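Peer 1: Have a look at the structure that comes next, please.
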Amino acid sequence: MTAPRTLYDKIWDDHVVHQAEDGTCLLYIDRHLVHEVTSPQAFEGLRMTGRKVRAPEKTIAVPDHNVPTTLDRANAATMTEDSRIQVAALDKNAKDFGINYYPVSDVRQCIVHIVGPEQGWTLPGMTVVCGDSHTATHGAFGALAHGIGTSEVEHVLATQTLIQRKGKNMKVEITGSLRPGVTAKDITLSVIGATGTAGGTGYVIEYCGQAIRELSMEGRMTVCNMAIEGGARAGLIAPDEKTFAYCMGRPHAPKGAKWEAALAYWKTLYTDEGAHFDKVVTIRGEDIAPVVTWGTSPEDVLPITGTVPAPESFTGGKVDAAKRSLDYMGLQPGQKLTDIAIDTVFIGSCTNGRIEDLRAAAAILKGKKIKVKRAMVVPGSGLVRAQAEEEGLAQIFLDAGFEWRLAGCSMCLAMNPDQLAPGERCAATSNRNFEGRQGRGGRTHLMSPAMAAAAAITGHLTDVRELMGETV
Amino acid sequence: MEKFTTLTGVAAPMPLVNIDTDMIIPKQFLKTIQRSGLGKNLFDEMRYTQAGEEIAEFVLNQPAYRHAQILVAGDNFGCGSSREHAPWALLDFGIRCVISTSFADIFFNNCFKNGILPVVLPQEAVDHLMDDARKGANARITVDLESQTVTASDGKTFKFEVDAFKKHCLMNGLDDIGLTLEKASAIDSYEAKNATLRPWA
Numbered sequence: 072m073t074a075p076r077t078l079y080d081k082i083w084d085d086h087v088v089h090q091a092e093d094g095t096c097l098l099y100i101d102r103h104l105v106h107e108v109t110s111p112q113a114f115e116g117l118r119m120t121g122r123k124v125r126a127p128e129k130t131i132a133v134p135d136h137n138v139p140t141t142l143d144r145a146n147a148a149t150m151t152e153d154s155r156i157q158v159a160a161l162d163k164n165a166k167d168f169g170i171n172y173y174p175v176s177d178v179r180q181c182i183v184h185i186v187g188p189e190q191g192w193t194l195p196g197m198t199v200v201c202g203d204s205h206t207a208t209h210g211a212f213g214a215l216a217h218g219i220g221t222s223e224v225e226h227v228l229a230t231q232t233l234i235q236r237k238g239k240n241m242k243v244e245i246t247g248s249l250r251p252g253v254t255a256k257d258i259t260l261s262v263i264g265a266t267g268t269a270g271g272t273g274y275v276i277e278y279c280g281q282a283i284r285e286l287s288m289e290g291r292m293t294v295c296n297m298a299i300e301g302g303a304r305a306g307l308i309a310p311d312e313k314t315f316a317y318c319m320g321r322p323h324a325p326k327g328a329k330w331e332a333a334l335a336y337w338k339t340l341y342t343d344e345g346a347h348f349d350k351v352v353t354i355r356g357e358d359i360a361p362v363v364t365w366g367t368s369p370e371d372v373l374p375i376t377g378t379v380p381a382p383e384s385f386t387g388g389k390v391d392a393a394k395r396s397l398d399y400m401g402l403q404p405g406q407k408l409t410d411i412a413i414d415t416v417f418i419g420s421c422t423n424g425r426i427e428d429l430r431a432a433a434a435i436l437k438g439k440k441i442k443v444k445r446a447m448v449v450p451g452s453g454l455v456r457a458q459a460e461e462e463g464l465a466q467i468f469l470d471a472g473f474e475w476r477l478a479g480c481s482m483c484l485a486m487n488p489d490q491l492a493p494g495e496r497c498a499a500t501s502n503r504n505f506e507g508r509q510g511r512g513g514r515t516h517l518m519s520p521a522m523a524a525a526a527a528i529t530g531h532l533t534d535v536r537e538l539m540g541e542t543v
Numbered sequence: 147m148e149k150f151t152t153l154t155g156v157a158a159p160m161p162l163v164n165i166d167t168d169m170i171i172p173k174q175f176l177k178t179i180q181r182s183g184l185g186k187n188l189f190d191e192m193r194y195t196q197a198g199e200e201i202a203e204f205v206l207n208q209p210a211y212r213h214a215q216i217l218v219a220g221d222n223f224g225c226g227s228s229r230e231h232a233p234w235a236l237l238d239f240g241i242r243c244v245i246s247t248s249f250a251d252i253f254f255n256n257c258f259k260n261g262i263l264p265v266v267l268p269q270e271a272v273d274h275l276m277d278d279a280r281k282g283a284n285a286r287i288t289v290d291l292e293s294q295t296v297t298a299s300d301g302k303t304f305k306f307e308v309d310a311f312k313k314h315c316l317m318n319g320l321d322d323i324g325l326t327l328e329k330a331s332a333i334d335s336y337e338a339k340n341a342t343l344r345p346w347a
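Heads up: the sequence lines are chains A and B, in that order.
Counted from 1, the first sequence has number 316 at position 245 by my numbering; the numbering is strictly sequential.
Counted from 1, the second sequence has number 296 at position 150 by my numbering; the numbering is strictly sequential.
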């Protein structure tokens, strides 16, 4: 009998093409997602060496980082020259190398991590890579998915494999159920708050437990998306009936007999009883509160009921880092988090730009008006945007005073015109609060869509449970 | 890729923890379609004012460190995005080695693809080398990949671990796509087998 294996072990074993004596493996890649920022040098490398894309049918490209999200974006003048060149390079590379492509003009254009699940490219048990650290998102399907650099993008294009050494196994269990007002974003931020941004370095995380099982696929994607902020290249969740139901009928999901065969295989994708984890973290779902970040690292997480910490409350290098963060963020130790005034609200990104996120925000905003200077919703995909319009969510956002944008990465990393001004303070549903992330000098507080919506209507960081009539 | 064998040089001290890839090379410089030319924007927002003037206190703007080839950095260096522009910018500036107690996985891996050696050492060793780094050209550090050692200015030597395959590629400046293509038949047979086992993939 074989030793009990984790979900990660099983997916890994099924993708080893070659193993060297020193343990270095050549791992087969089932899906390669490509965007315009981290791929031009890789395609150029192929041209210079006369190499081809080995499996164009498994390679899917979409421009997302640079593209404007304003309604007039078909007008080339909405993009800077360098952005235009980068998007044009992807247009040309997709055509020249014959890979699957969703151009800006296609209604399916979206953030690269939305297209995989939405179109059924991402399926359980697959290996998925992309030149983007948030590739961890696809782990929600029980796929082994992680970010790679541009040299590795070129390697995958040329060989459909990656040279890898196996990581260690880490289990993050969220027991029990979440309380009202608490979401997948609060889970993933709370885990990072507990383990630190290097807590998962060298590991692949498997998220499990009742609270994870109770999440929708959208929620699971939010959790896995931020595995990287916890230091883990990949986070994954065992597929179940929700996963299968989500995949069924998607354009690139298998059909008929192939579907049945796939389903039988997918049902073997779970961690065996007694399998070994190198590290285990357990958090009670009931203990998780709506959280926000106060600093410039995603580990700077606190429940919204808390106060800004004093740098001296930390140890080691974190003392100086916290001083620097508070200075950058313009905050004082002891300040109540709910007293922090917000200028701007950004709802979107590969972390929280899916339909469920827009529903959660709209539920808080319905019939209310924003009290912040500006607020925008940037749907993760053209299809999410269309669905939200059909469900009446777009009108709720517009009535509240939000801008209703086209799909893209937008203000998550501010490579397009959506940027914060120096000192501008933003409640954001994205994934990184690094210095300058949303624009030089911009101040980012990360939170869930419901919490961002709450901040939008009060003008300051707010405990969403108070607006929901929940007792804290 | 340029080989890395041994290097003796000035190390710049950057004790801040969690230096992320947005700090190393901010997003506005990711719009290039080339690998070169990013050195002038390395640590851009820490190094220049919004008006583009040098911030004198920033370590790489100080005369002693303008030609630093080594960084000694705080924990978890290179966390954040997968942008290979981060090692490209370091390399273009002239940095060939970064020493820290820990690195983020993707950045760590990206360094090896670009002839940069990331060295992981225990806290005491990093503290010792940080002291050397603070002395600039008066305390040069030697990094030797063959023997896997870092030697401080006082002759104290610290041994480090490195993956054997990565070491081999770095010491010989090897293109790993070329190495993988030598295994094309293994990839062919995997694909053939997979077509039966997992035809939907």
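Just so you know, even glycine gets a beta-carbon here, dropped at the ideal spot from N, CA and C.
Quick caveat, the model's predicted, so the values are computed rather than measured.
Residues in its own chain within less than 8 Å of serine 481 of chain A by CB, not counting five upstream and five downstream?
Peer 2: Result list for serine 481 of chain A: Thr140, Phe417, Gly419, Ser420, Met447, Val449, Asn487, Asp489, in chain order.
Peer 1: What residue range does the alpha helix (DSSP H) around phenylalanine 275 of chain B cover?
Peer 2: At residue 275 of chain B the sequence reads leucine, which differs from the phenylalanine that was named. Its alpha helix (DSSP H) spans residues 269-280.
Peer 1: Return no unless some Cβ of chain B is closer than 8 Å to the Cβ of histidine 89 of chain A.
Peer 2: Yes, contact with chain B.
Peer 1: For glutamate 200 of chain B, does the three-state DSSP call read helix, strand or coil?
Peer 2: In this structure, glutamate 200 of chain B counts as strand in the three-state DSSP scheme.
Peer 1: Would you call the region 204-222 of chain A in contact with the region 166-178 of chain A, where contact means no fewer than 3 C-beta pairs closer than 8 Å?
Peer 2: No contact exists between the region 204-222 of chain A and the region 166-178 of chain A.
Peer 1: Where phenylalanine 254 of chain B and phenylalanine 304 of chain B are concerned, what is the direct C-alpha to C-alpha distance, given to the nearest angstrom?
Peer 2: Going by the C-alpha atoms only, they are around 20 Å apart.
Peer 1: Distance, Cα to Cα, aspartate 358 of chain A vs aspartate 322 of chain B?
Peer 2: Cα to Cα, aspartate 358 of chain A sits roughly 47 Å from aspartate 322 of chain B.
Peer 1: I'd like the list of long-range same chain contacts for threonine 109 of chain A, defined as Cβ closer than 7 Å, with 5 residues on each side in sequence excluded.
Peer 2: Same-chain partners within the cutoff: Gly202, Asp203, Thr221, Val224.
Peer 1: With a threshold of 16 other CB atoms inside 10 Å of the CB of leucine 145 of chain B, please say whether the residue is buried or exposed.
Peer 2: The displayed coordinates of chain B run from 147 to 347. Any statement about residue 145 of chain B would go beyond what the structure contains.
Peer 1: Name the DSSP bridge partner or partners of tryptophan 475 of chain A?
Peer 2: Looking at the DSSP assignment, tryptophan 475 of chain A forms a beta bridge with A/Val448.
Peer 1: Could you run through the region 204-216 of chain A and flag, in chain order, every residue whose CB is less than 7 Å away from some CB of chain B?
Peer 2: Taking 7 Å as the Cβ-Cβ cut-off against chain B, the residues of the region 204-216 of chain A that qualify are Ser204.
Peer 1: Closest by CA to asparagine 348 of chain B, which one among B/Ser248, B/Asp251, B/Pro159?
Peer 2: Chain B is shown only over 147 to 347; residue 348 of chain B falls outside these bounds and no answer can be derived.
Peer 1: With the cut-off set at 8 Å, would you say phenylalanine 175 of chain B and asparagine 187 of chain B are in Cβ contact?
Peer 2: Yes.
Peer 1: Which word fits glycine 463 of chain A, buried or exposed, when buried means at least 16 other C-beta atoms lie within 10 angstroms of its C-beta?
Peer 2: Exposed, since its Cβ has fewer than 16 Cβ neighbours within 10 Å.
Peer 1: Considering just the uninterrupted stretch of the beta strand (DSSP E) at phenylalanine 417 of chain A, what are its terminal residues?
Peer 2: Per DSSP, phenylalanine 417 of chain A belongs to the beta strand (DSSP E) from 415-419.
Peer 1: How many Å lie between isoleucine 179 of chain B and arginine 155 of chain A at the Cα?
Peer 2: Between isoleucine 179 of chain B and arginine 155 of chain A, the C-alpha separation is close to 11 Å.
Peer 1: Quick check on the DSSP output: the alpha helix (DSSP H) that includes threonine 326 of chain B runs from which residue to which?
Peer 2: Its alpha helix (DSSP H) spans residues 322-327.
Peer 1: Rounded to a whole number of angstroms, what is the C-alpha to C-alpha distance between aspartate 167 of chain A and arginine 118 of chain A?
Peer 2: Aspartate 167 of chain A and arginine 118 of chain A: Cα-Cα distance of roughly 10 Å.
Peer 1: Between the Cα of phenylalanine 258 of chain B and those of B/Leu316, B/Leu236, B/Ala214, spot the shortest distance and give me the residue it belongs to.
Peer 2: With distances taken between Cα atoms, phenylalanine 258 of chain B lies closest to B/Leu316.
Peer 1: Check aspartate 135 of chain A in the structure and name its three-state DSSP category.
Peer 2: Here aspartate 135 of chain A sits in coil by DSSP.
Peer 1: With DSSP run on the structure shown, which of helix, strand or coil describes alanine 303 of chain A?
Peer 2: It is coil, neither helix nor strand.
Peer 1: What's the gap between the Cα of valine 535 of chain A and the Cα of alanine 521 of chain A?
Peer 2: Each residue's alpha carbon lies about 7 Å from the other.
Peer 1: When you compare only the Cα positions, how much space is there between tryptophan 83 of chain A and isoleucine 276 of chain A?
Peer 2: Cα to Cα, the separation comes out at about 14 Å.
Peer 1: Hey, out of A/Pro111, A/Thr409, A/Cys295, whose CA is closest to valine 133 of chain A's CA?
Peer 2: Checking every option, the nearest Cα to that of valine 133 of chain A belongs to A/Pro111.
Peer 1: For the putative contact between valine 294 of chain A and alanine 255 of chain A, defined by C-beta atoms under 8 Å, what is the C-beta separation to the nearest angstrom?
Peer 2: The Cβ separation is near 5 Å, so the contact holds.
Peer 1: Cβ of tyrosine 79 of chain A less than 8 Å from any chain B Cβ?
Peer 2: It does not; no Cβ of chain B falls within 8 Å.
Peer 1: Is the shortest distance between the beta-carbon of valine 108 of chain A and the beta-carbons of chain B less than 8 Å?
Peer 2: Judged by the 8 Å Cβ criterion, valine 108 of chain A is in contact with chain B.
Peer 1: At a CB-CB cut-off below 7 Å, which residues of chain B make contact with threonine 95 of chain A?
Peer 2: Per Cβ cutoff of 7 Å: Phe311.
Peer 1: Please go through the region 188-268 of chain A and give each complete beta strand (DSSP E) segment of 3 or more residues, from N-terminal end onward.
Peer 2: Counting only runs of 3 or more, we get 198-201, 215-218, 232-235, 239-246.
Peer 1: Quick one: list the residues of chain B neighbouring tyrosine 336 of chain A, beta-carbon separation under 9 Å, in chain order.
Peer 2: The contacting residues are Leu343, Arg344, Trp346.
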